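**Student:** For reference, the structure I am asking about is given below.
Residue numbers (the working numbering), protein chains in the order written: chain R, 1 to 137; chain V, 1 to 511.
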């Protein structure tokens, strides 16, 4: 296969920019998009299951919006909601599907802030074996 | 999901999910209880309470009280453990109690968690504010209620922001912070005991076996007052038991980390309290030092500037407990909102950070209002609220014990283990906690038995605080029931058959 493009999509403006760029690439490369929404409630304490359900629902709403957006751009797409932290989610989906690349958006935050607070693109480019395309939102 | 019929929905429920390594589940277990902060906040009061209530007499049995207090927590943890092992999806207090005992008790259980959180945040903020100034040697500011409160409020703001922003300390950072905390408390105990036994400094005394004997406590009132306070120091440990750990063979080794974290906690508390008493009992038992015994003892034991590490340990401990205090509470209100037991907005998650941000921020705001309001009225009442906190914690932990036995009532006779650990132990835990709660409520009715010595409506402030919050809870519950009756019609449930047997802990040996 190796023809799918994995996109990190959480409904934020920068993830929309990532999706748009990925949709353009997908139509050019005749690839299929996989919209990944990764979430994982912090393990410590409380009603984790309801938190998880709330995130799942949020993911469903957000990714169905993303699907519309992708279709509007003429790209074929599907959704993967993954109960993992976003970097893990993107990499595991990319690995499992032997994807062509991962596309994520960045807020254009100060690099130091991203490094300290652990931004997704920052971690992803260090850890991913799949090529990563970072799009500024 | 209409637009994506081909998507598998939630992908990859795979192997890593919810599994935590052995070491980090020990770390979570110990860090959740924030031993450094708990000792700083409570040890002085436990020592005072270990004396005869209402008199100037003080007792030496604080270590014994800390030991005995663990017993009910251990039994309740058994309820947590089995509820969670059998069905990790079933939530905690609010969900369990609602299923097992009905929506009203479930609602009040959730409410008690919220109240406990608001109260403890105020106390946490006070300690954090005070120790922030002690860290930079600003003694005059540390003596100023206004400044301590100001910095305390900033701390609440920071802690709320951390939870809202969803900043997770990595497992490694947690291990490091906890390591520093444990080493510091260990060094505190070793140096104190060195000065007692080797250099034999004046004012010190040798440890006596009677310090560890609950039977040496002079009266039952004394023991229960101390225990109610001490229950607080194990608070958090119970929920850490539910963290699913990743083990080689989960049917053989579940809960090993819970056992190890328990032993570590017990050792810290007993050794540090005994060492502190041996080193300088008069300082420890001086009511003036009650709100910051560790910093007072730290400067005596380590001298400057080494005493700063103890202050850092307490501060990091307070900060570390933030995530384990606010987040579970915010999740409780999120869960209640989703069940339509609270306003819908509390169930919102932040679009980017994916945290229950509305609930978290509300908790922060309520804590600030409570903290500042109480400080304006009378600073001593802040300490009285610790006793009220004990009543709240005892109430909702006790509900869990009963809920466990009721939820599994058809399964209890399926094996001896199920009978003992799912039925008997949780109920004994509840019985002890409710005994403490009622006995103390009666004792606290007398204003003399409070830190402030104030009389509110002829009662002691801690009791008025506890009753007031519960009364407020009942009013809000009724209001919610009028607004949205649906939740309050939810039906009772029992455990599906074989659920206990499916729990690894029982399955391993019995079958």
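We put the beta carbon where it would ideally sit given N, CA and C, even for glycine. Because the structure is a prediction, the values reported are computed rather than measured.
What residues of chain R sit near residue 569 of chain V, judged by a beta carbon separation below 8 Å?
**Tutor:** Any question about residue 569 of chain V goes unanswered here, given that chain V covers just 1 to 511.
**Student:** When Cβ atoms are compared, which residues of the segment 27-38 of chain V fall closer than 8 Å to chain R?
**Tutor:** Of all residues in the segment 27-38 of chain V, 28, 32 have a Cβ within less than 8 Å of some Cβ in chain R.
**Student:** Given a cut-off of 8 Å, decide if residue 46 of chain R and residue 98 of chain V are closer than it, judged by their beta-carbon atoms.
**Tutor:** No, the pair does not count as a contact, with Cβ atoms beyond the cut-off.
**Student:** On the criterion of 16 or more Cβ atoms from any shown chain inside 10 Å, does residue 375 of chain V qualify as buried, or is it exposed?
**Tutor:** The residue is buried, with at least 16 neighbouring Cβ atoms inside 10 Å.
**Student:** Thinking C-beta only, is residue 235 of chain V closer than 8 Å to residue 494 of chain V?
**Tutor:** Not in contact: residue 494 of chain V and residue 235 of chain V (Cβ atoms no closer than 8 Å).
**Student:** Using beta-carbon positions only, say whether residue 426 of chain V and residue 76 of chain V come within less than 8 Å of one another.
**Tutor:** Yes. Within cutoff.
**Student:** Identify which residue in V:431, V:417, V:173 has its Cα closest to the Cα of residue 317 of chain V.
**Tutor:** Of the listed residues, the one whose Cα sits closest to residue 317 of chain V is V:173.
**Student:** Have a look at the DSSP bridge pairing and note the partners of residue 32 of chain R.
**Tutor:** Paired residues: R:4.
**Student:** Candidates V:275, V:435, V:414, V:139: which alpha carbon is nearest residue 197 of chain V's?
**Tutor:** Out of V:275, V:435, V:414, V:139, V:275 has the C-alpha closest to the C-alpha of residue 197 of chain V.
**Student:** Is residue 493 of chain V helix, strand or coil by DSSP?
**Tutor:** Here residue 493 of chain V sits in coil by DSSP.
**Student:** Short of 8 Å in beta carbon distance, which residues of its chain neighbour residue 5 of chain V, apart from the five on each side in sequence? Order them along the chain.
**Tutor:** Note on residue 5 of chain V: pLDDT 35, under 50, position unreliable in the model; the coordinate value appears next. None.
**Student:** Is there at least one Cβ from chain R nearer than 8 Å to residue 219 of chain V's Cβ?
**Tutor:** It does not; no Cβ of chain R falls within 8 Å.
**Student:** Please report how far the alpha carbon of residue 225 of chain V lies from the alpha carbon of residue 93 of chain R, in whole angstroms.
**Tutor:** Going by the C-alpha atoms only, they are around 55 Å apart.
**Student:** Could you tell me whether the Cβ atoms of residue 133 of chain R and residue 101 of chain R are closer together than 8 Å?
**Tutor:** The answer is yes: Cβ separation under 8 Å.
**Student:** Count the C-beta pairs between the segment 326-334 of chain V and the segment 114-121 of chain V that are closer than 8 Å, then say yes if the count reaches three, no if not.
**Tutor:** Yes, the segment 326-334 of chain V touches the segment 114-121 of chain V.
**Student:** For the alpha helix (DSSP H) that residue 342 of chain V lies in, which residues bound it at each end?
**Tutor:** Looking at the DSSP string, residue 342 of chain V is not in any alpha helix (DSSP H), and its letter there is neither H nor E.
**Student:** To the nearest whole angstrom, what separates the beta carbons of residue 211 of chain V and residue 60 of chain V, a pair I think is in contact under 8 Å?
**Tutor:** Confirmed, Cβ separation roughly 5 Å.
**Student:** Taking residue 47 of chain V as part of the alpha helix (DSSP H), name the residues at either end of that continuous run.
**Tutor:** Residues 35-49.
**Student:** Where do the ends of the beta strand (DSSP E) carrying residue 77 of chain R lie?
**Tutor:** Run containing residue 77 of chain R: 77-82, per the beta strand (DSSP E) assignment.
**Student:** What residue does the beta strand (DSSP E) around residue 105 of chain R start on, and which one ends it?
**Tutor:** Per DSSP, residue 105 of chain R belongs to the beta strand (DSSP E) from 101-106.
**Student:** Output the distance between the C-alpha atoms of residue 258 of chain V and residue 29 of chain V, rounded to the nearest integer angstrom.
**Tutor:** Spanning the two alpha carbons is a distance of roughly 7 Å.
**Student:** Would you say residue 351 of chain V lies against chain R (beta-carbon separation less than 8 Å)?
**Tutor:** It does: the Cβ of residue 351 of chain V has a partner Cβ on chain R nearer than 8 Å.
**Student:** Excluding sequence positions up to five away, which residues of its chain have a Cβ less than 7 Å from the Cβ of residue 388 of chain V?
**Tutor:** So the list reads 119, 462, 465, 466, once near-sequence residues are dropped.
**Student:** Going by the beta-carbon positions, is the gap between residue 104 of chain R and residue 131 of chain R smaller than 8 Å?
**Tutor:** Not closer than 8 Å, so no.
**Student:** Would you please verify whether the beta carbon of residue 42 of chain R is less than 8 Å from any beta carbon of chain V?
**Tutor:** Chain V, which has a Cβ nearer than 8 Å to the Cβ of residue 42 of chain R, makes this yes.
**Student:** Please classify residue 252 of chain V as buried or exposed, where buried requires at least 16 other C-beta atoms within 10 Å of its C-beta.
**Tutor:** In this prediction, residue 252 of chain V has a pLDDT of 38, which is less than 50 and means its spatial position is unreliable; nothing more can be read from the coordinates.
**Student:** Would you call residue 63 of chain R buried or exposed, if buried means 16 or more other Cβ atoms sit within 10 Å of its Cβ?
**Tutor:** So residue 63 of chain R ends up on the buried side.
**Student:** Does the distance from the C-beta atom of residue 195 of chain V to that of residue 301 of chain V stay below 8 Å?
**Tutor:** Taking 8 Å as the Cβ cut-off, residue 195 of chain V and residue 301 of chain V qualify as a contacting pair.
**Student:** If I measure Cβ to Cβ from residue 165 of chain V and keep anything under 8 Å in the same chain, skipping five residues before and after, which residues do I get?
**Tutor:** Same-chain partners within the cutoff: 353, 355.
**Student:** Would you mind giving the Cβ-Cβ distance between residue 391 of chain V and residue 363 of chain V, rounded to the nearest angstrom? I have them listed as a contact below 8 Å.
**Tutor:** Not a contact, Cβ separation roughly 20 Å.
**Student:** By the DSSP assignment, the beta strand (DSSP E) with residue 43 of chain R in it spans what residues?
**Tutor:** Segment: none, residue 43 of chain R is in no beta strand (DSSP E) and carries neither H nor E.
**Student:** Would you list, in chain order, the members of the segment 7-23 of chain R that have their beta-carbon closer than 8 Å to a beta-carbon of chain V?
**Tutor:** Correct list: 10, 11, 12.
**Student:** Go through its chain and collect everything with a Cβ distance to residue 249 of chain V's Cβ below 7 Å, but skip five positions before and after it.
**Tutor:** Only weak support exists for where residue 249 of chain V lies, its pLDDT of 45 falling under 50; the coordinates are left without a value.
**Student:** Have a look at V:339, V:393, V:403, V:416 and flag the residue whose alpha-carbon is nearest the alpha-carbon of residue 227 of chain V.
**Tutor:** The candidate whose alpha carbon is nearest that of residue 227 of chain V is V:393.
**Student:** Going by other Cβ atoms of all chains shown within 10 Å of its Cβ, with 16 needed for buried, is residue 475 of chain V buried or exposed?
**Tutor:** Residue 475 of chain V should be labelled exposed.
**Student:** Could you compute how far the alpha carbon of residue 123 of chain R sits from the alpha carbon of residue 12 of chain R?
**Tutor:** Going by the C-alpha atoms only, they are around 18 Å apart.
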